Structure formats: structure tokens, C-alpha cells
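Single-structure report; data block below.
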């Protein structure tokens, strides 16, 4: 029997502790919690999402506020108390629909429930002080605190793009309420039929005029309730990711390999564009990741695509000089998807970037040979880091017989100069993740 008596703040607290103290991934934890409490009213699940995401996106700022009202600094607090205070401060500062007294009382009760009755008075005192001084708090000028970003990362972006552009990038991670989805238009229903089916289920959406296969879903309760999603006519895929297949510009009959494909969005998009012709092989390193691709492939029913387990760092000599297109969307720092996975900012270290570049080059050294002369290597990442992006493209053209070549497909959000060059750094905004795409042609 389902226990329908749920304290939503306790659910948020457990999720935040799992992410920030135990190192679990935010998107996995959030998905688990929302699935576990799928029976809750939409308003309650929205509260869980808003509070958990809000705290994750503002840890350094919340700690700065707390530290100004507590003799014990956050870094020295017990993790349970620190997390309860972060939640309380976020509600006081950023959730207009929550009464301050409710946020404070629930924080005090949560401290007691979690075995810290002796510190419940401390929690109460700090949050009362925060409430009193709310109007006098000055948001820090320092970008790393104001936007809760590691200082080394802010410095990296500032050195590459300047301070004004860096602040614009960080603001771009604040996503709208919509979820971008891509329609599979070769599956058997027309675009109009898919949209009509969404209308019949009262699923709100807006169209992306520049990309006819893309829509932005809003006003739905759960993806699992959308028939078009369950039957594979639409898949969740960000606009930046959708542009990878357009950059590849597959021709009917092309043979394509996606070397690090999970969960399969780009592979499936290319299979859809091939309209039953050619073949797409989607590979990834583990059975778990391959199963994620298979799950999406099963929904679509495409028969011009297959899935295999393969470590991309290991050369597959049987493919040398045989493929029209190789998609190398490689493991990266993920700095372009902080809007969806805010915990990355607290997880990644500056030294990690060097090891990631080494991994990317190891994979590229193995897979470039698969491309036919005259074929295309599409290199992409979901990051905003010149070392992983532009510098890797320069390295490819110096080490291997490839040259940048212009984008031939439909590439909105890309300037004319970038289209001619065949290389673009997309910055995050309401509907796009930060993403890098380069199109390279094998010339020898």
C-alpha cells in the first residue's frame, strides 16, 4: 500500500544529501524522487523540483548568506544542519509562494527529525536572522559567488571570452519551463499527425520554426503520460544536440557510426533522416549504456540502426576507410549542460580537463581511420572549453588528413561565418545547451 503522506521538504533534503554529500548524480536522483512520488499532485512535485534545483544552482551564494548570519561558518557545520539551512535560505530568498514562517518551522522540525534536536534552536536563530536582514543583503559582485560557480571555471571563461560574455554564459544556464523534444518523422506519422495527437492529450507545446522536427513541450504532467513519447514518435533531445545530425548532413544510403552514442538521440536522428536507407551503428562502452540506446531504438522501431558494445579507445580495424560519417560526440567536462546537471560545477576539478583532453585524443586517434576519403568526421562536445573544443579540432587537422569544411545542413543558431567555417561554439540559453560542433572532411 502506498504511503501518500509525504513531507516534500524531507524528500528534497534526502535528494540534496545524496547529491552534495554522497556524490550521486543530480539528474538520476531527481528522476528517482519524481518517479517514487509520481502519485503526488503536480504542485507538490513542482515544489520538489524547484527547491532541489534551486539549492543545487546556488550553493555558494546560499553559504555566503548563511555565513553572514552565523558564527559557525558553513564549512565547519554538520552536513545535515548545513543542508537544512541552505534549503531554508533558498525558500526565504527565492520562493515567493512559500511563507517564511513555514520555511523556518519546517527547517526546525527537520533538524529534530534527523537527530539534531540540540541544534534546532541554532537553525531557528540563523534563519530568523536571515529573514530580518533580507532587504539589506547585497548580492556579491564576485561572479563565482553570485552564480555559484567554481572560481577557476569563471577565470577560465573570462580568459577565453571576457567577463561580460562569461556572465552572459552563466545566466544562459537558467532554463525555461519547457522541455525540448524531437519528432521522428520517418516512423509513420506526419508532423501534423504528431502535433494533433499532442493536442488531443492536452499537451501544450511551441514550435521551433527553424527546426521543423523540434518542439518545446510545456504544460504536461509527466512524460510517461504522453502517448507520442511512449510510442517513440517524439524523443527528448536538446536543440544543440539536434544540430549535430544537421551538421552531419547524411545522404540517403550513408553508412554511419556513432562511437559514444548513449542514450542514442543523435544516432536515432540520423537514422530518421536516412528514412529507412543506409545504416547507423550506435556504440558505447558498457551494456548499461547500450541498453539505454536499445530502449529508445525499440520505441522507434527503426530497422536501419543497430547497437553494439565497444570501447571507443580500442581501434576496430574492420571499419577502416569504410564509413561515410563518424559521429564523435565524446566524453567531456559537460560544462555546457550545467543548466540540466548543476552538480557538475561542484564535482569537476580544473585538473580533470587535462585528462579529458587526453581521453578525447585517444578516441580520435582510434576512430578517424573509419572515415572514407571524402567522408566526414563530426566532432562534438557538450562543453564550453576551448581546450576540449577548438584546440582539439586544430590537433585533428595537424595530426590526421582532415580539414574543416562548411556546414551543409540546416543550422539555425549558427552565424554565416560559422556555417562557412564548419565549426561553432553554441552558448547556453533558454532552449539550448552549451555545445560545440565541428565538421571535418577526410582528404587523404
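Numbering (this note's numbering), first residue to last: 2 to 445. Every residue gets a Cβ at the ideal spot worked out from N, C-alpha and C, and that includes glycine. Since the model is a prediction, treat every value here as computed from it, not as a measurement.
Got a sec? Which residues, its chain only, sit under 6 Å from residue 205 by beta carbon, not counting five neighbours each side? Leaving aside the five residues that flank residue 205 on each side, the residues in its chain whose CB is nearer than 6 Å to its CB run, in chain order, 219, 220.
Which residue from 20, 12, 11, 13 puts its Cα closest to that of residue 347? 20
Would residue 349 pass as a contact of residue 366 if the rule is Cβ separation under 8 Å? In this structure, residue 349 keeps its C-beta atom at 8 Å or more from the C-beta atom of residue 366.
On a CA-only basis, which of 389, 381, 399 is nearest residue 352? Give me that one, please. When only C-alpha atoms are compared, the closest one is 389.
For residue 173, collect the residues of the same chain with a Cβ closer than 7 Å to its Cβ; drop the 5 residues on either side in sequence, then sort them by chain order. Cβ neighbours of residue 173 beyond the five flanking positions: 428, 429, 430.
Please determine, among 223, 69, 326, 309, the residue with the shortest C-alpha to C-alpha distance to residue 253. 326
Under 8 Å, do residue 265 and residue 297 count as touching if we go by C-beta distance? yes
Tell me the rounded alpha-carbon separation between residue 421 and residue 408. 7 Å
Residue 46 lies in the alpha helix (DSSP H); which residues open and close that run? Counting along the chain, the alpha helix (DSSP H) containing residue 46 begins and ends at 43–58.
Please give me, in chain order, every unbroken run of the beta strand (DSSP E) with length at least 3 that falls completely inside the stretch 230–257. 235–237
Sequence-distant residues of the same chain with beta carbon closer than 7 Å to residue 43, five excluded per side: 222
Are the CB atoms of residue 375 and residue 402 nearer to each other than 8 Å? no
For the alpha helix (DSSP H) containing residue 385, list its first residue and its last residue. Per DSSP, residue 385 belongs to no alpha helix (DSSP H) and is neither H nor E.
Exposed unless 16 or more other CB atoms sit within 10 angstroms - verdict on residue 116: exposed
Given 8 Å, three or more beta-carbon pairs between the stretch 240–250 and the stretch 157–168: Here the stretch 240–250 does not lie against the stretch 157–168, with fewer than 3 beta-carbon pairs under 8 Å apart.
Contact under 8 Å by Cβ, residue 202 with residue 228: yes
Assign residue 234 to one of two classes, buried (16 or more other C-beta atoms within 10 Å of its C-beta) or exposed (fewer than that). buried
Pair within 8 Å by beta-carbon distance, residue 285 and residue 294: yes
Answer yes or no: do residue 146 and residue 68 have a C-beta to C-beta separation smaller than 8 Å? no
Could you tell me the alpha carbon to alpha carbon distance between residue 339 and residue 260, rounded to whole angstroms? One C-alpha to the other measures close to 24 Å.
So, helix, strand or coil for residue 406, using DSSP? coil
Flag this pair as yes or no: are the beta carbons of residue 128 and residue 171 separated by less than 8 Å? No, the Cβ-Cβ distance between residue 128 and residue 171 is not below 8 Å.
Does DSSP put residue 326 in a helix, a strand or coil? Three-state result, residue 326: strand.
Grouping DSSP H, G and I as helix and E and B as strand, with all else coil, what is residue 398? helix
According to DSSP, what are the bridge partners of residue 206? BP columns for residue 206 point to 218.
Rounded straight-line distance, which links the Cα of residue 7 to that of residue 36: Approximately 14 Å, taken between the alpha carbons.
Element boundaries [alpha helix (DSSP H), containing residue 113]: 101–114
So, are the CB atoms of residue 91 and residue 52 less than 8 Å apart? yes
Would you list, in sequence order, the uninterrupted alpha helix (DSSP H) runs of no fewer than 4 residues that lie entirely inside the stretch 309–363? 345–348
Report the residue from 343, 319, 363 whose alpha carbon sits nearest the alpha carbon of residue 329. Minimum Cα distance to residue 329 is reached at 363.
What residues in its chain sit with their C-beta under 7 Å from that of residue 404, if we drop five residues either side in the sequence? 398, 441, 442, 444
Of all the options 32, 243, 343, which has the alpha carbon lying nearest to the alpha carbon of residue 267? When each option's Cα is compared against that of residue 267, the closest is 243.
Opening and closing residue of the beta strand (DSSP E) in which residue 150 lies: Per DSSP, residue 150 belongs to no beta strand (DSSP E) and is neither H nor E.
Could you have a look at residue 377 and say whether DSSP puts it in helix, strand or coil? strand
Residues that DSSP places opposite residue 180 in a beta bridge: 218
If distances are taken between C-alpha atoms only, which option among 315, 292, 319, 299 comes closest to residue 309? 292
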